[in-house]
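Structure record follows, encoded as structure tokens.
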Ligand SMILES: [Zn+2]
């Protein structure tokens, strides 16, 4: 029996994992880490709800850890098959997983040393060696070409515009009736008309079923000008002698922030000596972004041809070592510090927050989605103190949130992407969204695409599954 089973990213935006089974073929689309509050992150320790050794392949939509972060666990659990991804994704996934493995080990060590973990003997979720094992399984594929995933099963990647290498996935396989059926997984859909990368592209063929992300299904991004807002925040903060701390996802958001900062520096509005990129991974990712000319949009391509470095990778101060990062603690002159992680759940930005959150002159500028339960969400929601390393830290800094820098399409952009499909799908499943967002997108699809022949979307729950082909009269997941 052919079935599609939804394991992750239900009612939340992390832990993406969808299992496809038909005949002897077993494919997992994404193998993401849960990120958020303790209860959510506890799911990372659950055994996989399928035997990892039986998987034929994993298909990764893009590098973000909420789509790839459990690959090392999968490899540690015995999966040895290929992990397909786009060419640009391979470089980014390698960077991220290597870092994740080291971070897991480091956090377990730190928790042991400081004794703030509830566990007597904190252990890592996986090790750096597990991460290396997963990286060896990566098999890069080009965009737009069909690839045989298994006998009778084909895979094709389309650009999703969300991150360097990010893709929408089309998988076509023959059903029990011998007819070829196409499933499309949107992956994370990016925004239209933003700098650096090409815009999202719809699948080439009409899918019978669509699994669509719904992160921002309940809102439209404010039409703010990112460059103007960024400029205002920096000018105001520097004016009162403070630091601008930007918790940034090392991949994607960081490069977009750098793009705008580089433009400011180019105009003489910002001294490049006052901008610190405090993340070895972000430094490496920025170099990859600059080199990936096939993925650049027209504006970026033009900048690259006229300007040696539109992301100013070599102009700004780079902190690769921990010592360079620590030196920033003693700095009193205003500066922009861009450091991961984007939701302030880990990474070097946490140390800057310990140092500067209590200072009224500081601005903490969030530039991406803040999942429920994260420290970033608590700050954006106005918490007057947050716990860091088991201790309360008072919040006196100004907290700002630049929503226009989100890497995700908003409701209208998701509908725009849907309208670009060659034909309406017969079935739609919404995942990768907190429930209010999923429900709002469900209503929007019914209201705005219903007359075009779109069905009411299903909102799968954990472990819900649907047959690969629809059985007449049978109810699938709700
Ligand atoms: Zn993503």
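Numbering (the numbering used here), first residue to last: -17 to 460.
Yeah, the Cβ is synthetic: ideal placement off N, Cα and C, and Gly gets one too.
Just so it is clear, the structure is predicted and the values come from calculations on it, not from any experiment.
- Query: Considering only the beta carbon of each residue, do residue 331 and residue 229 sit closer than 7 Å?
  - Reply: yes
- Query: If you measure from the CB of residue 371, is any heavy atom of ligand 1 nearer than 6 Å?
  - Reply: Judged by the Cβ position, residue 371 fails to qualify as a neighbour of ligand 1 at the 6 Å threshold, every heavy atom of the ligand being at least this far.
- Message: What residue range does the beta strand (DSSP E) around residue 391 cover?
- Response: Counting along the chain, residue 391 falls outside any beta strand (DSSP E), and DSSP gives it neither H nor E.
- Message: Does the beta-carbon of residue 334, which I'm using as the reference point, lie nearer than 6 Å to any heavy atom of ligand 1?
- Response: Not so, every heavy atom of ligand 1 lies at least 6 Å from the Cβ.
- Within 6 Å: the Cβ of residue 46 and any heavy atom of ligand 1? Residue 46: yes, Cβ under 6 Å from ligand 1.
- Message: Between residue 392 and ligand 1, is there a pair consisting of the residue's CB and a ligand heavy atom that are separated by less than 6 Å?
- Response: In this structure, residue 392 has its CB at a distance of at least 6 Å from all heavy atoms of ligand 1.
- Query: For the putative contact between residue 41 and residue 399, defined by C-beta atoms under 8 Å, what is the C-beta separation to the nearest angstrom?
  - Reply: Wrong, their Cβ atoms sit about 19 Å apart, outside the cutoff.
- Item | Proximity winner among 212, 326, 309 and 0, relative to residue 232 (alpha-carbon distances) | 326
- For the 8 Å Cβ check, are there 3 or more pairs between the segment 246 to 254 and the segment 115 to 135? no
- Message: Here's a check: name, in chain order, each residue in its chain whose Cβ is nearer than 7 Å to the Cβ of residue 185, leaving out the five neighbours to either side.
- Response: 140, 150, 152, 166 and 403
- Should residue 12 be counted as a contact of ligand 1 given a C-beta to heavy atom distance under 6 Å? no
- Taking DSSP as the reference, what is the three-state secondary structure of residue 229? The DSSP-derived three-state label of residue 229 is strand.
- Task: Output the distance between the C-alpha atoms of residue 428 and residue 437, rounded to the nearest integer angstrom.
- Result: About 7 Å.
- What residue range is occupied by the uninterrupted beta strand (DSSP E) comprising residue 151? 149 to 156
- Sequence-distant residues of its chain with Cβ nearer than 7 Å to residue 7 (five each side left out): 38, 132 and 135
- Message: Could you compute how far the alpha carbon of residue 268 sits from the alpha carbon of residue 435?
- Response: Going by the C-alpha atoms only, they are around 42 Å apart.
- Query: Taking buried to mean at least 16 other C-beta atoms within 10 Å of its own C-beta, is residue 34 buried or exposed?
  - Reply: buried
- Message: With H, G and I counted as helix, E and B as strand and the rest as coil, what does DSSP make of residue 173?
- Response: Reduced to three states, the DSSP call for residue 173 is coil.
- From residue 415 to residue 197, what distance separates their C-alpha atoms? 4 Å
- Query: Any contact of the segment 374 to 390 with the segment 340 to 358, i.e. 3+ C-beta pairs under 8 Å?
  - Reply: Touching, yes.
- Let me know the alpha helix (DSSP H) ranges lying completely inside the segment 333 to 363, each 4 residues or longer, listed in chain order. 357 to 362
- Task: Consult DSSP for residue 400 and reduce its assignment to one of helix, strand or coil.
- Result: Correct three-state label for residue 400: helix.
- For the 8 Å Cβ check, are there 3 or more pairs between the segment 238 to 249 and the segment 292 to 309? Flag = yes, the segment 238 to 249 and the segment 292 to 309 touch.
- Kindly identify the DSSP beta-bridge partner or partners of residue 278. Per the DSSP secondary-structure output, residue 278 pairs in a beta bridge with 179.
- Starting from the C-beta of residue 85, find all residues in its chain whose C-beta is less than 7 Å away, skip the five residues before and the five after it, and write them out in chain order. 328
- Message: Could you check whether residue 142 and residue 104 sit closer than 7 Å to each other, using their CB atoms as the reference points?
- Response: no
- Item | Heavy atom of ligand 1 within 6 Å of residue 159 beta-carbon | no
- Task: Check whether the segment 187 to 196 touches the segment 268 to 287, taking contact to mean three or more Cβ pairs, one atom from each stretch, closer than 8 Å.
- Result: Touching, no.
- Message: On the CB-based measure, 16 or more other CB atoms within 10 Å of its CB, does residue 457 come out buried or exposed?
- Response: Because residue 457 sits at a pLDDT of 46, beneath the cut-off of 50, its placement in the model cannot be relied upon, and the following sentence gives the value as read from the coordinates. Residue 457 should be labelled exposed.
- Message: Using C-beta distances below 7 Å, list every residue in its chain close to residue 25, excluding the 5 sequence neighbours before and after it, in chain order.
- Response: -3 and 16
- Could you tell me which of 11, 421 and 364 sits nearest to residue 45, measuring between CA atoms? 11
- Query: Shortest alpha-carbon distance to residue 310 belongs to which of 379, 293 and 226?
  - Reply: 226
- Task: Flag residue 170 as yes when its Cβ comes closer than 6 Å to any non-hydrogen atom of ligand 1, and as no otherwise.
- Result: yes
- Item | Three-state secondary structure (DSSP) of residue 49 | helix
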